[in-house]
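Take the sequence shown: its letters are residues 1 to 115, numbered as in the numbering used here. We put the CB at the ideal spot given by N, CA and C, even for glycine.
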Amino acid sequence: MISTLRRPLSRTLFVGALAVVGTIGSFTATTTPAAAQSAKVYTAKLATAVEAPARKVVNGAVWNCSGDSCTGSSDGSAPATTCARVAKAFGPVTSFATPKGELSADKLARCNGAA
């Protein structure tokens, strides 16, 4: 049986450093996809510009509007649902874009109709 006291200090420090690096590496690997997923930015163009810059929480996501342009992050809902909530909060929307592209005219009409 080898006692910890007989093990050289440099070896003990090396093993401890490996444990810390491994812990940090595994933590980074598990949290990075969640951060990347929440970074989805949506944009909306309003039919009527807001009078002053506005900031509202729409279904748990912060939306900022200035003039007729609004930006916000995904709230986890379908883009058409998020669009309807933005239209309800800020007014009719003339375009709504996600990282995957813009809503079709049909979905945009339903977005404004649901608001």
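In the three-state reduction of the DSSP assignment, Leu108 falls in the helix class, which pools H, G and I. Bounds of any alpha helix (DSSP H) do not take in Thr98; it lies within the beta strand (DSSP E) bounded by 93-98. Within the same chain, Gly67, Asp68 come within 6 Å of Ala49 by CB-CB distance, once the 5 residues on both sides are set aside. DSSP, read as helix, strand or coil, puts Ser74 in coil. Closest in C-alpha terms to Ser73, from the list Cys111, Ala44, Lys107, comes Ala44. In the three-state reduction of the DSSP assignment, Leu46 falls in the strand class.
A straight-line Cα-Cα distance of about 51 Å links Asn59 and Thr12. For Ala61, the beta-bridge partners assigned by DSSP are Val58.
Between the alpha carbons of Gly76 and Val86 lies a gap of roughly 14 Å. Val41 has Ser73 as its beta-bridge partners, per DSSP.
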